[in-house]
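Take a look at the structure set out below.
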Amino acid sequence: MFVILTSKPGQYRTQANADISLLEAWDYHFCGRLLAHFAVGELLRETKVQVIEDGPGGTTNQVPSKFLERFDSLEQARSELQHLCQFGALDATLTPAPLTAPPATPSAA
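First residue of the sequence shown: 1, per this note's numbering; consecutive thereafter.
Written out as structure tokens, the structure is:
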């Protein structure tokens, strides 16, 4: 089974553990702004995924993997990402990203 972990810079980040083998990552830009970072991974066994809120006082939640949408193949997970990120003629792009921590929100200068 395959899952998609979502992180939203400035809001929260989702972290896989050893029970999810990350395979690829994607950045979603809308009108030139990074809105989300997606990591696609293979679920090796039931687990809990950390969802960490950004900012001071942010909390960390442990979400059971049973609540994640699952896909039978990597191709189905990719197809779902494409479907989620298409808005007709609007400026929305999904680009490959490194399999690292989600990008940080740029600090205000």
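Heads up, the beta-carbon is just placed ideally off N, CA and C, and yes, glycines get one too. Bear in mind the structure is a predicted one, so any value in this text is a computation, not a measurement.
Taking the alpha carbon of Q11 as the reference point, which residue from Q82, F71, P56 and V40 has its own alpha carbon closest?
The count along the sequence shown starts at 1 and reaches residue 11 at position 11. Nearest C-alpha to Q11: P56.
Would you call T93 buried or exposed, if buried means 16 or more other Cβ atoms sit within 10 Å of its Cβ?
Taking the sequence shown and counting its residues from 1, the one referred to as residue 93 is at position 93. By the neighbour-count rule (16 or more Cβ atoms within 10 Å), T93 is not buried but exposed.
Cβ-based burial, F67 [other Cβ within 10 Å; buried from 16]:
Indexing the sequence shown from 1 puts residue 67 at position 67. Under this definition F67 is an exposed residue.
If I measure Cβ to Cβ from V71 and keep anything under 6 angstroms in the same chain, skipping five residues before and after, which residues do I get?
The residue given as residue 71 occupies position 71 in the sequence shown. Going by the sequence as given, residue 71 is Phe instead of Val. So the qualifying residues of the chain are F2 and A77.
What does a CB cutoff of less than 7 angstroms around L23 pick up in its chain, not counting 5 residues either side in sequence?
Here the question's residue 23 lines up with position 23 in the sequence shown. Cβ neighbours of L23 beyond the five flanking positions: V40, G41, E42 and L74.
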